[in-house]
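Numbered by mature numbering (1 follows the signal peptide of the UniProt record, and there is no 0), the letters in the sequence shown go through residues -26 to -1, 1 to 276 in order. Using N, Cα and C, we set each Cβ at its ideal position, and we do this for glycine too.
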Amino acid sequence: MAGREDSRIQLTGAALSGLLFAAVAASGGPMAPVEGLLFGSRTVRSATALTDDTTAAQVTAGESTLSLATTTVASVLPTGSSLSFYRPSGAIDGNALEDARAARTEASPGLCCVGWWRARKGLPLTPTLRETAVLAGLAQELDSDAPPPLLVLLRTAASAAIHDVSYAVYSLDPATGTPVMVRAPVTNLVDSSNAEYAALSASSLFPRDAGVAGALAAATAPLAASAEASETLFSSVLRHVASLSDDLVATHASIAAVQAEIRALEAAATPPTATPPPAGPPPAGPPPAGPPPAGPPPSYST
């Protein structure tokens, strides 16, 4: 078995927090997406590969080693909206990219550019032709021994105060030049230990970045006044509801009193009803007067 190299991609908690923060902060604004660069490190570990072949050729040390290359995304850098470091055709703007890389590597020594990210509203987590071209162009700008660049796509959706964020990680396939979705666990959440996470040089400018800190302060400053105003409004609504309830009870009592008075007036205005005599045989007495009974006619003689 010849020695081989396996690759693995992972995110740190700081990088994921930065991505989510940037996506949610942009979801409340216009429909323009927000994007930036990914910074991290690459480590290679060697281990002995297991095999059940006992032939002499397969147990040679040089042919039974396995190299595990791990690319860790440790920090994110927002660069703005669309076309922040590339042209409309997808070609990389070398000057803008170099300025962004220099600013981050100066603030976080030991980290290098490993890809880029983009947050969009309500769109599928599938790279567009331009995003694929940017990823391919970024591969040409990185060092020759650097791993294939990564692309993290985020989809945001907001309903009232609820924000929904989904993301997918893509890596550029050197053979085909197309992005391929890869698994990228978060080191302090999945498949990791405290020692492994502590060994990483995670770095993020959130919220120490001046622009982010100012935006955060501007967003949180009115919250106390809004909460107090909401409490005052809620209390006034409760008092108004209680007053309406008291008025409703009084109105119901007034209606009941009026109905009782109407029933009393109706009872006073109704005359007493005479009782008819009981049915029975007619009373005894002389027969009623009538014509005399019929007889022979009278006779006359002359």
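Of the listed residues the options, nearest to residue i (C-alpha basis)
i: residue 144; options: 131, 114, 92 and 192; result: 92
i: residue 120; options: 86, 103 and 132; result: 86
i: residue -2; options: 139, 71 and 102; result: 139
i: residue 125; options: 117, 194, 195 and 45; result: 45
Residue i burial status per 10 Å Cβ neighbour count (16 or more: buried)
i: residue 208; result: exposed
i: residue 136; result: exposed
i: residue 75; result: buried
i: residue 162; result: buried
i: residue 65; result: exposed
i: residue 130; result: buried
i: residue 82; result: buried
i: residue 151; result: exposed
Cutoff 7 Å; reference residue i; Cβ partners in own chain excluding five residues on either side
i: residue 146; result: 109, 110, 113, 122, 123 and 153
i: residue 67; result: 59, 60 and 61
Rounded C-alpha distance that separates residue i from residue j
i: residue 205; j: residue 234; result: 44 Å
i: residue 54; j: residue 107; result: 19 Å
i: residue 56; j: residue 197; result: 31 Å
i: residue 214; j: residue 227; result: 20 Å
i: residue 47; j: residue -18; result: 8 Å
i: residue 105; j: residue 51; result: 17 Å
i: residue -9; j: residue 160; result: 13 Å
i: residue 164; j: residue 216; result: With a pLDDT of only 49 at residue 164, under 50, the local geometry of the prediction cannot be trusted, and no value is derived from it.
i: residue 210; j: residue 72; result: 58 Å
Inter-residue CB distance, residue i and residue j (contact presumed, cutoff 8 Å)
i: residue -12; j: residue 49; result: 6 Å
i: residue 142; j: residue 97; result: Between residue 97 and residue 142 the Cβ distance is about 12 Å, and since that is not below 8 Å, they are no contact.
i: residue -7; j: residue 88; result: With a Cβ gap of about 18 Å, residue -7 and residue 88 do not count as contacting.
i: residue 8; j: residue 43; result: Residue 8 to residue 43, Cβ: 30 Å. No contact.
i: residue -4; j: residue 10; result: Wrong, their Cβ atoms sit about 11 Å apart, outside the cutoff.
Chain-order list of residues whose beta-carbon lies under 8 Å from that of residue i (same chain, five-residue window excluded)
i: residue 62; result: 104
Cutoff 6 Å; reference residue i; Cβ partners in own chain excluding five residues on either side
i: residue 70; result: 59
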